[in-house]
Amino acid sequence: MPPTDEQLLIQFKQGDARALHSLIERYTTPIYNLARRLLRDSMEAENVAQETFLRLMLSANRIDLTQPIKPYIFRIAVNQCRDLMRKHRPLVFTDLGDDSAQAVDTIVDDQPEPWESLAQAELETRLRHAIDQLPAKFQTVILLRYFEDLSYEDIARALDLPLNTVRTFLHRAKAQLREALEPESQSSPAVKEGGM
Amino acid sequence: MNQKHLTAIEIDQYIENELDAHARAELDTHIADCAVCHARIAREQKLAFALQILPRERTPTDLAARIRAAVDLRLTQDRQRRDRMPLVALATFFSLLLVVWFGLEVIIASQENGVLDFLSIFTSQSDLGFSSDSFFALIEAIPISELALALLSIITCIILAQQLVETIRPHPAQNKS
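Chains as they are written, first to last, in the working numbering: chain A, 19 to 214; chain B, 146 to 322.
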């Protein structure tokens, strides 16, 4: 059974550099993927991945090992992405207003949606495009939840958000995805290519 | 429960396995009886599944190796920094002793040369007025070599103390998360 992240970090704190190497092997791809999708720049994504582990290494002695460190690692990465995005695209991470928690608990339409009948390849293309169109905060929760399989609690820890806000973000993100997946709402060339 | 359709929040909680066993069993009962909610759950599950299986970005093959190398380099630098610490601390201590030593030398030489006397004449007997002779006498009385050595030892001490603080203090990046 492979050691847990927390065990690896303890080993690293005890002087075993290979333990940190194992963490690097484990999380380089997820962090690169997250940063690449959020920043849409492979070079910056590589820098984010590298800086994440350097910061993890330097802050190892301060990390609370009673909490899972996976959200902490993603938190370092997300914060870097957030800083970079603020430089390039201000205000993309602005909070939702007070209305954020409202209008969520509604009953949705029970009619099948057109995207449900799409072929897998076309669905993938549209979904990828739809994710790219999401605001960064929604993109982040979608990526952490479905790409990295973080629990709601871990996402809340990683993004330093209340649990209910994470729920709201995820709900709204999925609603926007469904809306963007409607064939008539698609107009980009990428989508047209996917449909061929 | 069986009379009402599930809310969006309930569906989310069901899909994301956020419910306890009891609440989930209640929803299961409703979903089994309600075609509308069953269809909605299936639709949400399809979206969640589509997201989960979406192909990931291709990571550069050598990225992990490059990160390992960068981390190892930083670890080596930190180790070297820590190894230097006793030496820097010792040097700082001796430079502090030199500051005290040359400081005392300056005081003693000033007293021997009568610098304080010249100064007191300047300050207390203003009726004598300023004269270039008394000014040059004061300059000659100042122990310049001792002062220069004291100044150099102070600068050395400050530089070494800075290095010592940097050696002990955590790296600035530690404060970021």
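All residues carry an ideal CB built from backbone N, CA and C; glycine is no exception.
- Comparing alpha-carbon positions, the option among B/I160, B/L235, B/R169, B/I299 lying closest to B/R185 turns out to be B/I160.
- For A/F187, none of the residues of chain B pass the 7 Å Cβ criterion, the least Cβ distance being about 11 Å.
- Around the C-beta of B/F238, fewer than 16 other C-beta atoms lie within 10 Å, and the residue is accordingly described as exposed.
- Chain-ordered, the chain B residues with CB closer than 7 Å to the CB of A/K192 read L192.
- By the C-beta density criterion, A/D172 is buried, having at least 16 other C-beta atoms within 10 angstroms.
- Using a CB distance cut-off of 9 Å, B/D157 counts as an interface residue toward chain A.
- Considering only beta carbons, no part of the stretch 291-313 of chain B lies closer than 9 Å to chain A.
- Chain A has no Cβ within less than 9 Å of the Cβ of B/L164.
- Sequence-distant Cβ neighbours of A/L181 in its own chain, meaning closer than 8 Å and more than five residues away, are Y170, E171, A174.
- The alpha-carbon separation between A/F165 and B/S240 amounts to approximately 58 Å.
- According to the DSSP assignment, A/Q29 belongs to the alpha helix (DSSP H) that extends over 23-31.
- Within the stretch 42-68 of chain A, contact with chain B at the beta-carbon level (separation under 7 Å) is assigned to I42, E43, T46, T47, Y50, N51, R54, R55, E64, A67, Q68.
- For the pair A/I94 and A/T70, the CB atoms are nearer than the 9 Å cut-off.
- Of all alpha-carbon atoms in A/V66, A/I160, A/Q151, the one lying nearest the alpha-carbon of A/L199 is that of A/Q151.
- Counting of Cβ neighbours within 10 angstroms places A/K155 among the buried residues, the total reaching 16 or more.
- Check the Cα spacing between B/Q307 and each of B/I289, B/A236, B/W246: the tightest is with B/A236.
- In the three-state reduction of the DSSP assignment, B/C179 falls in the coil class, being assigned neither a helical nor a strand state.
- Annotation: B/E189 to A/D34 spans about 45 Å, alpha carbon to alpha carbon.
- In chain order, A53, L102 place their CB closer than 8 Å to the CB of A/E62, counting only its own chain and leaving out the 5 sequence neighbours on each side.
- Between A/I87 and chain B, the shortest Cβ-Cβ separation is not below 9 Å.
- In terms of Cβ geometry, A/V66 and A/I81 do not form a close pair [threshold 9 Å].
- At the C-beta level, B/S265 and B/P288 stay beyond 9 Å of one another.
- Classified as buried, A/M75 has 16 or more neighbouring CB atoms from the shown chains inside 10 Å of its CB.
- Approximately 7 Å separates the beta-carbon atoms of A/E142 and B/P200; this is inside 8 Å, confirming the contact.
- Annotated as distal: B/E202 and A/R44, with beta-carbon spacing of 9 Å or more.
- DSSP, read as helix, strand or coil, puts A/H189 in helix.
- B/L243 sits away from B/T206, with the two beta carbons spaced by 9 Å or more.
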